[in-house]
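S.K.: Going letter by letter, the sequence shown gives residues 730 to 928 in the working numbering. For every residue, glycine included, the Cβ atom is placed at its ideal position computed from N, Cα and C. For clarity, every value in this text was computed on a predicted model and none was experimentally measured. Before we start, here is the structure in question, set down as structure tokens.
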Amino acid sequence: MSVRIQPTAQVDETATLGDGTTVWDLAQIREGARLGGGCIVGRGAYVGPGVRIGDNVKLQNYALVYEPAVLEDGVFVGPAAVFTNDYFPRSVDPRGKLKRGGDWEAVAVTVAEGASIGARSVCVAPVHIGRWALVAAGAVVTKDVPDFALVAGVPARRIGWVGRAGVRLVERDGEPGTWECPETGGRYDEKDGQLVERA
């Protein structure tokens, strides 16, 4: 396998791309970014300087991943999703002077293994999306999302649980706090607002 970069994509020479990664038309990968193997960077997607992306990550068309975001293995980012990096955004300082890179401190969105970020959702840094969580299309995430949580709305709130397959879990009859995936049969235990996968 090898890296595949379309001619209209811009990949900085200091960026690192793992084996089997594909970068589609008009995508931009900035300096010092590091992508693992088997990634797909869709048309017009943006990866900021120093962003860290694991293996088998999909960035769909026009996804915007601003530094210093970290995406672990198997993350999915839907079309036109945005990861911000400035909690108090301003173009100018209080005196009206144009702000530059050194005039503010970037904060990160981190996305744990297997999580999915829906189309046109916005993750407002600093925020952490837990393992295998699912952010619904159009959601605005302003606080941390637990592992396996299904969140939706503006601002996003938990409306259910999902398993590794991304399918909404069903609470087992007669077993409060025990959840099951209708697709895989996997079971999960809920305690204190957290979901733990059974071994």
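Just checking my contact of Pro855 with Gln923 at CB under 8 Å: how many whole Å lie between their CB atoms?
M.R.: Reading the sequence shown from its first residue, position 126 is the one you call residue 855. Reading the sequence shown from its first residue, position 194 is the one you call residue 923. Rounded, the Cβ-Cβ distance is 20 Å, inconsistent with contact.
S.K.: Is the stretch 774 to 788 touching the stretch 818 to 825, taking contact as three or more C-beta pairs under 8 Å?
M.R.: no
S.K.: Does DSSP put Asp918 in a helix, a strand or coil?
M.R.: Reading the sequence shown from its first residue, position 189 is the one you call residue 918. Residue state for Asp918 is assigned as strand, using DSSP reduced to three classes.
S.K.: Do you know offhand how far Arg901's Cα is from Phe877's?
M.R.: Within the sequence shown, the letter at position 172 stands for residue 901. Within the sequence shown, the letter at position 148 stands for residue 877. If you take the alpha carbons of Arg901 and Phe877, they lie about 17 Å apart.
S.K.: Under DSSP, the beta strand (DSSP E) around Ala862 begins and ends at which residues?
M.R.: If you number the sequence shown from 1, residue 862 lands on position 133. No beta strand (DSSP E) contains Ala862, which DSSP labels as neither H nor E.
S.K.: Counting beta carbon pairs with one atom in the stretch 887 to 905 and one in the stretch 860 to 874, are three or more of them shorter than 8 Å?
M.R.: yes
S.K.: Given that a residue counts as buried once 16 or more other Cβ atoms are within 10 Å of its Cβ, and exposed if not, what is Leu879?
M.R.: Taking the sequence shown and counting its residues from 1, one reaches residue 879 at position 150. By the 10 Å Cβ count, Leu879 comes out buried.
S.K.: Does the pairing of the stretch 799 to 818 with the stretch 843 to 855 give three or more beta-carbon distances under 8 Å?
M.R.: yes
S.K.: What did DSSP end up calling Gly831 once you bin it into helix, strand or coil?
M.R.: Position 102 of the sequence shown holds residue 831. Correct three-state label for Gly831: helix.
S.K.: Relative to the C-alpha of Ser731, which candidate in Asp741, Thr745, Thr737, Gln739 has its C-alpha closest?
M.R.: Taking the sequence shown and counting its residues from 1, one reaches residue 731 at position 2. Ranking the options by Cα distance to Ser731, first place goes to Thr745.
S.K.: Might you give, ordered along the chain, the residues of its own chain that have their beta carbon closer than 6 Å to the beta carbon of Gly803, omitting 5 neighbours on each side?
M.R.: Within the sequence shown, the letter at position 74 stands for residue 803. Counting only Cβ-Cβ distances below 6 Å, and skipping sequence neighbours, we find Asn785, Glu842, Gly843.
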